[in-house]
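First the structure, in the form of structure tokens, and then the observations on it.
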Ligand code: SF4
Ligand code: SF4
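Numbering (the numbering used here), first residue to last: 9 to 85.
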């Protein structure tokens, strides 16, 4: 499972960043993003911690097919 932050919903509160056990969440100039190479969906906890704690409901699972398409685009661009 991979996750993504919807920048239109994210209030930039920063709560998720320090809670990620894999340090997969970081802030760029103005947005928070999840590094999908580091995110393992919190498998050891049974639920994505960041999604659980985000009060803005800004963190969503990426559907596998969409994720693969995204990877394909990154490979070829
Ligand atoms: S907890 Fe939610 S609203 Fe706050 S920075 Fe993270 S994604 Fe954005
Ligand atoms: S699901 Fe877990 S590992 Fe992935 S970004 Fe969220 S807190 Fe980090």
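For each residue, glycine too, the CB sits at the ideal point set by N, CA and C.
Where the beta strand (DSSP E) through residue i begins and ends
i	result
residue 45	Note, residue 45: premise wrong, no beta strand (DSSP E); not H, not E.
Three-way DSSP call (helix, strand, coil) for residue i in this model
i	result
residue 85	At residue 85 the pLDDT is 49, less than 50, meaning the model places this residue with poor confidence; the figure from the coordinates comes in the next sentence. Coil, per DSSP.
residue 27	helix
residue 17	coil
residue 71	coil
Option nearest residue i by Cα separation, candidates the options
i	options	result
residue 35	45, 49, 59, 18	18
residue 54	20, 15, 29	29
residue 39	24, 71, 9, 51	24
Distance cut-off 7 Å: residue i Cβ against heavy atoms of ligand 2
i	result
residue 33	yes
Residue i beta carbon near ligand 1 (any heavy atom closer than 7 Å)
i	result
residue 40	yes
residue 28	no
Rounded straight-line distance, which links the Cα of residue j to that of residue i
i	j	result
residue 56	residue 68	10 Å
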